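Peer 1: Starting off with a structure, shown below.
Residue numbers (our numbering), protein chains in the order written: chain A, 1119 to 1380; chain B, 157 to 554.
Structure representation (structure tokens):
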């Protein structure tokens, strides 16, 4: 016995059910669309925090303004009990020298704390600039993801922190950070990193590195406040995060970031 | 200059190009090389045991209990290099009490315990229960009580109970195979899931770890079988070696193919990190990757095993060749662990330079400590073979 497909369909799906299915698909589509729209916003402003009453911090570093004085790196060590030896940094400055032959020389002697000396002769230099580095305070941070005990966490303000009393020192977070921002504190024997001077933020003080920067190359602020200085800066400038392909949700935005910088 | 960290100061002068300042010190040293090596031996040994039990490869019977006890000996040690490598070893328990759901490492404790308690210990217990009951009746003095205690007081050896022992043992082995796959595939995932590190970050990593685990575990059991037979002055059954050699050959081919595929893929895609990794493998990893892992640990054993598939002549020569093959394979797999763990930390995540690694002799993270963790399982195995000798099992089937 043969039956036409349409007759089969009519039998199988009643009009009321068809209507239900249609609206279900519409709602699902709208929900997916909304999610997609939301995720678009996430990318722009580094996520939308659950707690709307606290700021959601982002950082801007303006490479055009950095003069490589190293005050940021120095003040950070003083403020945050970072060992003085040149193997441990929460904050450092790199000097990039692009030569006429296209090769790039990168240096960061003692993290830039003692300043820089240009070793490439002037006539060989195509361009040179400084790039301060610090924790990117990613909102999808790989270090937080891999911590086996949850000692690394994101504060409500979007600051990536380490609980000293909880960290087991497995070093997995150090491996997971693509930016090289973490180290094991040689005396405290736990993972250590930039906290955006959380202790100062809580007192409405700027992080040490921002406080001392003589050219105002560094800026932090509330990404949720659309009238804040940082959001204004992001609107008016073409900024970029480091290693955007890794999708870490970095909230450290660089102005005038060259392709030489990783 | 820096009195506190002389080893780091020394490395400073060996840095090539530019590395991030925090990258000078390698985070994971030789102990983390030893850890996946040991875990791999466990998984491989267990899979060899299950060949006999589940897939009924009867010829492998003499290696069955040996493989299980080898797996147990190495599993008991597996976590120790990890814990001793922690900066805060006394907080290690936190990983079990408050595991962080999104961390690959956090699950290790559970995978480990599952494998130890549910798979290995139970399987060995069901296997040995009848023998242990009989030993507890035969022995006198303290050993009588030791066997009594490890039978957990279950001394019923009626045929019906023994049939249940056999069934449950079989069931556990069946669960054990995917568990062994998970145990070691998972170790590969710990590395393979780190997107910041292009040398590690590949979905093939768990599979590579798994196959190299099988290769090393099978080779290790083969060697132990040879050595134990020698010590017991028993004749080594060349048919058993041939059977193990056949499996070893096939698994090594698979392992080589998959690792080769990984490298070909890297070379062909030649992503952002390619130039750096090329410099790495041609420079600092040349000896351990091409010579130690590739030539000594893979190509020569492949050639020897291929030869042994056809050559059925002088038994003494074949035994010697199997022994050499086993040793070479273990060197190769250890080198592979080295290349992954150490190699992955030698280049900077800025892809602009390399740091250096010098392993010390003494200290918690030194060669002697690593050697200790590698030798300790053999001590445990010797004890287990004394306590639970497979050749004295009832009914006699060794």
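Ideal placement from N, C-alpha and C gives every residue a C-beta, glycine not left out.
Here the structure is a predicted model, which means the values were calculated and not measured.
Using the rule of at least 16 other Cβ atoms within 10 Å of the residue's Cβ for burial, across every protein chain shown, is residue 293(B) buried or exposed?
Peer 2: By the 10 Å Cβ count, residue 293(B) comes out exposed.
Peer 1: Rounded to a whole number of angstroms, what is the C-alpha to C-alpha distance between residue 286(B) and residue 301(B)?
Peer 2: Straight-line Cα distance between these residues: approximately 15 Å.
Peer 1: Taking the alpha-carbon positions, what's the residue 1144(A) to residue 1362(A) distance?
Peer 2: About 33 Å.
Peer 1: Looking at residue 1216(A): is its Cβ nearer than 9 Å to the Cβ of residue 1208(A)?
Peer 2: Contact flag unset, no.
Peer 1: Say whether the region 414–434 of chain B touches the region 473–483 of chain B, bearing in mind that this needs 3 or more beta-carbon pairs closer than 8 Å, one atom from each stretch.
Peer 2: Not touching, per the Cβ criterion.
Peer 1: Which residues in chain B have a C-beta closer than 7 Å to the C-beta of residue 1286(A)? List them in chain order.
Peer 2: Those within 7 Å of residue 1286(A) in chain B are 242, 244, 247, 248, 250, 251.
Peer 1: Evaluate contact between the region 1209–1228 of chain A and the region 1245–1260 of chain A, counting only Cβ atoms and requiring at least three cross-stretch pairs below 8 Å.
Peer 2: The answer is yes - the region 1245–1260 of chain A touches the region 1209–1228 of chain A, with three or more Cβ pairs under 8 Å.
Peer 1: Does residue 1237(A) get closer than 9 Å to chain B when you measure Cβ to Cβ?
Peer 2: It does not; no Cβ of chain B falls within 9 Å.
Peer 1: Would the beta-carbon of residue 378(B) fall within 9 Å of that of residue 404(B)?
Peer 2: Result yes, Cβ atoms of residue 378(B) and residue 404(B) sit closer than 9 Å.
Peer 1: With H, G and I counted as helix, E and B as strand and the rest as coil, what does DSSP make of residue 183(B)?
Peer 2: Note: residue 183(B) maps to coil in three-state DSSP.
Peer 1: Terminal residues of the continuous beta strand (DSSP E) containing residue 1247(A)?
Peer 2: 1243–1252 is the span of the beta strand (DSSP E), which, as asked, contains residue 1247(A).
Peer 1: Per DSSP, what kind of secondary structure is residue 1175(A) in: helix, strand or coil?
Peer 2: Looking at residue 1175(A) - three-state DSSP - the assignment turns out to be strand.
Peer 1: Consult DSSP for residue 172(B) and reduce its assignment to one of helix, strand or coil.
Peer 2: In the structure shown, residue 172(B) sits in a strand (DSSP, three-state: E or B).
Peer 1: For residue 328(B) versus residue 289(B), is the C-beta distance shorter than 9 Å?
Peer 2: No, the Cβ-Cβ distance between residue 328(B) and residue 289(B) is not below 9 Å.
Peer 1: What span of residues does the alpha helix (DSSP H) with residue 1257(A) cover, start to end?
Peer 2: Segment: none, residue 1257(A) is in no alpha helix (DSSP H) and carries neither H nor E.
Peer 1: Identify the contact partners of residue 361(B) in chain A, using a Cβ-Cβ distance below 7 Å as the criterion.
Peer 2: Neighbours of residue 361(B) on chain A: none; closest Cβ ~14 Å, over 7 Å.
Peer 1: Can you tell me which of 1277(A), 1268(A), 1242(A) puts its alpha carbon nearest to the alpha carbon of residue 1285(A)?
Peer 2: For residue 1285(A), the nearest C-alpha among the options comes from 1268(A).
Peer 1: Name the two residues that bound the continuous beta strand (DSSP E) containing residue 1280(A).
Peer 2: Counting along the chain, the beta strand (DSSP E) containing residue 1280(A) begins and ends at 1278–1280.
Peer 1: Do residue 198(B) and residue 248(B) have their beta-carbon atoms positioned less than 9 Å apart in this structure?
Peer 2: Going by C-beta atoms, residue 248(B) is not nearer than 9 Å to residue 198(B).
Peer 1: Are there 16 or more other CB atoms within 10 angstroms of the CB of residue 1373(A), so buried, or fewer, so exposed?
Peer 2: It is buried - the Cβ of residue 1373(A) has at least 16 other Cβ atoms within 10 Å.
Peer 1: Could you give the residue range of the beta strand (DSSP E) that holds residue 493(B)?
Peer 2: From DSSP, residue 493(B) is part of no beta strand (DSSP E) but of the alpha helix (DSSP H) over 471–497.
Peer 1: For the candidate residues 543(B), 529(B), 504(B), whose alpha-carbon lies nearest to that of residue 1294(A)?
Peer 2: Comparing Cα positions, the closest option is 504(B).
Peer 1: Determine the DSSP secondary structure at residue 1223(A), reduced to helix, strand or coil.
Peer 2: Reduced to three states, the DSSP call for residue 1223(A) is strand.
Peer 1: Between which two residues does the alpha helix (DSSP H) harbouring residue 317(B) extend?
Peer 2: Per DSSP, residue 317(B) belongs to the alpha helix (DSSP H) from 315–348.
Peer 1: In chain A, which residues lie less than 8 Å from residue 164(B) when you measure between Cβ atoms?
Peer 2: Chain A residues near residue 164(B): 1203, 1205.
Peer 1: Using alpha carbons as the reference points, say which of 460(B), 319(B), 442(B), 322(B) lies closest to residue 498(B).
Peer 2: Minimum Cα distance to residue 498(B) is reached at 442(B).
Peer 1: Counting only Cβ pairs nearer than 7 Å, list the residues of chain A close to residue 261(B).
Peer 2: Near residue 261(B) (Cβ distances below 7 Å), the residues of chain A are 1264, 1266, 1288, 1290.
Peer 1: Per DSSP, residue 509(B) forms a beta bridge with which residues?
Peer 2: For residue 509(B), which the question treats as bridged, DSSP gives the partners 173(B).
Peer 1: What did DSSP end up calling residue 1350(A) once you bin it into helix, strand or coil?
Peer 2: Correct three-state label for residue 1350(A): helix.
Peer 1: DSSP three-state call for residue 254(B): helix, strand or coil?
Peer 2: In this structure, residue 254(B) counts as coil in the three-state DSSP scheme.
Peer 1: What in chain A is Cβ-close to residue 184(B), meaning under 8 Å?
Peer 2: Going along chain A in sequence order, the residues near residue 184(B) (Cβ under 8 Å) are 1289, 1293.
Peer 1: The beta strand (DSSP E) that contains residue 1211(A), what's its start and end?
Peer 2: 1209–1217 is the extent of the beta strand (DSSP E) around residue 1211(A).
Peer 1: Can you tell me whether DSSP reads residue 1339(A) as helix, strand or coil?
Peer 2: Residue 1339(A) falls in the strand class under three-state DSSP.
Peer 1: Can the beta-carbon of residue 331(B) be found less than 9 Å from the beta-carbon of residue 537(B)?
Peer 2: No, Cβ-Cβ distance for residue 331(B) and residue 537(B) is not below 9 Å.
Peer 1: Quick check: what's the CA-CA separation for residue 1180(A) versus residue 244(B)?
Peer 2: Near 39 Å, if we compare the C-alpha coordinates of residue 244(B) and residue 1180(A).
Peer 1: So, helix, strand or coil for residue 1309(A), using DSSP?
Peer 2: Correct three-state label for residue 1309(A): strand.
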